[in-house]
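Trainee: The number in the working numbering is simply the position in the sequence shown, starting from 1, with 1 added.
Think of the CB as a built atom: it goes at the ideal place given N, C-alpha and C, for glycine as much as any other residue.
First the structure, which I've put down as C-alpha cells, then a few questions once you've had a look.
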Amino acid sequence: METTLNGGGRAPSAVFHPSTSAPAICFPKRHASFSCYDGASGTSPSTTSGGSAGDLGAPVSRSLLGGRPVGKLGDSTLFGTVDLTATSEFRPMSQKYAAQYEEVKQILAQRGDLSKRVISANADAYYNHLGLNEYYFQTATAQTVASNLACVIAAKILNEFSHTDYFPQIQQERDGEVFLLARASLRNRKASQNFQVEREIEKKFLGLSGKTTPYRMQCYRSSGSFFDDPADENERLRTYFLQQPEYCAETTKDGVDPSETDLSKLLDVYFFANKRNTATAEIYRRLNEEVVRDSSGQNLFINVVPRGTGYRMDLAFRRGLHTKEFFSRLGDSVTMWGFYSQRKYVEPLANGVSIITTFIEELPEDQLTDFPEMSMSRRVELLVKAIRMQYIMQPCKFTELAQERRLTVHEAAYAWAVSKFIVHFSGTVGPAFGAIEKMVKHFG
C-alpha cells in the first residue's frame, strides 16, 4: 500500500525500517493526510547530506564531540548496525551519578532546615523513582539539582498538610542555555495548565514567528508522580532544556539559502554529529526537502510512525507569523485527543525551517471517557487532522474556545471558516444579501 505525501507525490511502497523500530503505519488512502517513512526507502542503508554511511561506526560520543551532550530521540542505532552503546545492565541514577548524588545531599544538609532522613528519602525518590530523564542528571550541576529537589520537597510538604497540588515553575538561565522544571498533569481537565507553560516557553524562546533567534528544545516527562498521595498519582514533572543552536562555521559565517537541503549546514553541529546516519536524520532530510519544495512556504508536513505502545510524530514547517503559537496548540491538540507527550523536541534549522518531534502515548484509561470505543490508530488519524486545522487557523476567539474545551478543534475550524465566509459574503453581494435574508425568514 502506498501513502500520499503532503507535497503531492507518493511514498514508495517499499520502506526500509531499522531492525529496532516498528513498521511504519499505512492508513487507507482516504486517511493518508501525512507521509510515513522511517529510514531510507529501498533495501540499502541511506546516507544524509554531508556524510556517507560508514563514516561513523557508532553514535558519536560526548568525548569525541568535546561539547555538550545531545538527548536521544529513541533511535541512536545506525542503519544496518547494532547500537554499540546499548547495554542491558541497569543502574539507578544515584549510582550512575554517585558523586553528584552525594554532593546534592550535602548541599541540602548544609541548609539546616531539612533532616537527614527527609533528605535521604527524597533524594532517593528524585533520582531513582520519579523517572526523570537521564539527560537532566547528565547536564545539571549539583547546585541546580539541589535547588530543584528542595522545591519538590516543599511542594510535597504543602500537599501533605494542605491537600493542594500546587507546584512552582522553576526557570534557570546561564550562558545561552535555559532549564525549566514545571508540573504536567495527565488529567485532561488540567490540560490548560500545561498549555500555559508551553505558551510562555514558545513566546520567550522558540522563535517560531521567524522574528527572533530560535532556541533548540528538549522536553522530558517524568514517568512517576512527585506527590505521595494516591489521589495525585497523575501529576508529573516536565523538564525543558533550551539551547541556542551552534551551526557549522560555514553557516555561521555566510548564512544559508532558504532552499538548502544539506543537513550538515542546517542542524546544530552536536545534534548533527549524534544523529548522522540514523532514522531521525533520514526523516529530517525528507521533511526538510518537502518544505523546501513547497513554493508557498505555508504548508505543514507530518510523518507518523508507531513506536512501542505509542507513536512518533515529526512535523516540519517554515517559521513565520502564522506559526508563532503552533507549538502550544500542538500540545493542546495531543491532549484533546486522548494522548500525552512522553518526550518532545524542537529543532530550528538554519534555513528557516523548524521540525518538532513528539513521542505520544495514551492518557490513563480513566481520562479516555470521550473515546471509549475508538481505536488508538483512528484517534491518531483524527489528531493529525486536528493538528492541520490548528496550523491553518489564525489565533482567534474560536481557537480559544477549543483550548477551553468548549469546542473541538474541528468545530472551531468550521466556525472560523463560516465566519470568514459570512464576512466576505455580506460585504460583496450588495442587495442580494437582503433578498436572501427575506427568503430565509419566509421559508423558515
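DSSP three-state label for N235, please.
Mentor: Residue state, collapsed to three classes: coil.
Trainee: Taking the alpha-carbon positions, what's the R330 to F399 distance?
Mentor: Computed Cα separation, rounded: 13 Å.
Trainee: Could you tell me the alpha carbon to alpha carbon distance between Q299 and H411, rounded to whole angstroms?
Mentor: So the alpha carbons of these two residues sit roughly 20 Å apart.
Trainee: Between which two residues does the alpha helix (DSSP H) carrying T253 extend?
Mentor: T253 -> alpha helix (DSSP H) spans A250 to D255.
Trainee: When DSSP labels each residue in this structure, what does A351 get in the three-state scheme?
Mentor: Three-state result, A351: coil.
Trainee: Note down the Cα distance separating N7 from L408, rounded to an integer number of angstroms.
Mentor: For N7, the predicted structure reports a pLDDT of 39, less than 50, and the residue's modelled location is therefore unreliable. The matter cannot be settled from this model.
Trainee: Look at the alpha carbon of L109 and the alpha carbon of M218, and state the distance between them as a whole number of angstroms.
Mentor: Looking at the two C-alpha atoms, the distance is approximately 29 Å.
Trainee: Is L243 near F196, with beta carbons less than 8 Å apart?
Mentor: In this structure, F196 does not lie closer than 8 Å to L243 by Cβ.
Trainee: Leaving out five residues on either side along the sequence, give the residues of the same chain with a beta carbon under 8 Å from the beta carbon of K439.
Mentor: Here the set comprises nothing.
Trainee: Ignore the nearest five residues each way along the sequence and tell me which others in T359's own chain have a CB closer than 6 Å to its CB.
Mentor: Counting only Cβ-Cβ distances below 6 Å, and skipping sequence neighbours, we find M314, S342 and K345.
Trainee: With DSSP as the reference, please indicate the residues paired to G177 in a beta bridge.
Mentor: DSSP lists no partner for G177.
Trainee: Going by CA-CA distance only, name the one from E178, N352, V419 and R237 that's closest to D255.
Mentor: Closest option to D255, Cα to Cα, is N352.
Trainee: Take the Cβ of A250 as the centre, count every other Cβ of all protein chains shown within 10 Å, and call the residue buried at 16 or more, exposed below.
Mentor: Under this definition A250 is an exposed residue.
Trainee: Using CA coordinates, which residue listed in D333, P432, V347 and R175 is at the minimum distance from V385?
Mentor: The residue with the shortest Cα to Cα distance from V385 is D333.
Trainee: Rounded to the nearest angstrom, what separates K266 and T252 at their Cα positions?
Mentor: Their Cα atoms are separated by approximately 6 Å.
Trainee: To which residues of the same chain is P396 closer than 7 Å at the C-beta, ignoring the five residues directly before and after it?
Mentor: Excluding positions up to five away in sequence, the list reads E326.
Trainee: To the nearest angstrom, how far is it from the Cα of G132 to the Cα of G225?
Mentor: Their Cα atoms are separated by approximately 6 Å.
Trainee: By how many angstroms is the C-alpha of L181 removed from the C-alpha of Q172?
Mentor: Cα to Cα, the separation comes out at about 4 Å.
Trainee: Less than 8 Å between the beta carbons of F328 and E203, yes or no?
Mentor: Yes, Cβ-Cβ distance for F328 and E203 is below 8 Å.
Trainee: Quick check on the burial criterion: 16 or more other C-beta atoms within 10 angstroms. Buried or exposed for F340?
Mentor: Buried is the call here.
Trainee: What does the Cβ neighbour count give for Y167, buried or exposed, with the cut at 16 atoms within 10 Å?
Mentor: So Y167 ends up on the exposed side.
Trainee: Do E348 and I361 have their C-beta atoms within less than 8 Å of each other?
Mentor: For E348 and I361, no; Cβs fall outside 8 Å.
Trainee: Determine the DSSP secondary structure at A492, reduced to helix, strand or coil.
Mentor: The structure shown has nothing for residue 492, since the chain only spans 2 to 445.
Trainee: So the candidates are V198, M390 and H323; which of them puts its Cα closest to the Cα of S210?
Mentor: Residue H323 is the option with its Cα nearest to S210.
Trainee: Give a yes or no on whether the C-beta atoms belonging to R184 and L238 are separated by under 8 Å.
Mentor: Contact: yes.
Trainee: With the cut-off set at 8 Å, would you say S95 and D125 are in Cβ contact?
Mentor: Taking 8 Å as the Cβ cut-off, S95 and D125 qualify as a contacting pair.
Trainee: Note the first and the last residue of the continuous beta strand (DSSP E) segment covering N304.
Mentor: F302 to R308 is the span of the beta strand (DSSP E), which, as asked, contains N304.
Trainee: Going by DSSP, name the residue or residues bridged to P342.
Mentor: Per the sequence shown, the amino acid found at residue 342 is Ser instead of Pro. In the DSSP output, where bridge partners are listed per residue, S342 has I361.
Trainee: What does DSSP give as the partner residue(s) for A186 in the beta ladder?
Mentor: The sequence shown places Ser at residue 186, not Ala. According to DSSP, which records beta bridges pairwise, S186 is partnered with E236.
Trainee: Three-state secondary structure (DSSP) at L316?
Mentor: Of the three classes helix, strand and coil, the one that applies to L316 here is strand, per DSSP.
Trainee: I believe Q245 touches T214 by the beta-carbon criterion, under 8 Å. Please report the beta-carbon distance rounded to the nearest angstrom.
Mentor: Sure, about 7 Å apart at Cβ, within 8 Å.
Trainee: Here's the rule I'm using: 16 or more other beta-carbon atoms within 10 Å means buried, otherwise exposed. How should E382 be labelled?
Mentor: Buried, by the Cβ-count rule.
Trainee: Could you have a look at C152 and say whether DSSP puts it in helix, strand or coil?
Mentor: Helix, per DSSP.
Trainee: State the CB to CB distance for the pair A317 and E283, rounded to an integer number of angstroms; the pair is presumed to be in contact (CB under 8 Å).
Mentor: Rounded, the Cβ-Cβ distance is 13 Å, inconsistent with contact.
Trainee: How should D258 be labelled, buried or exposed, when 16 other C-beta atoms within 10 angstroms of its C-beta is the threshold for buried?
Mentor: By the neighbour-count rule (16 or more Cβ atoms within 10 Å), D258 is not buried but exposed.
Trainee: Taking only runs of the alpha helix (DSSP H) that begin and end inside the segment 392-443, which ones reach a length of at least 4 residues, in chain order?
Mentor: 398-404 and 410-429, all fully within the segment 392-443.
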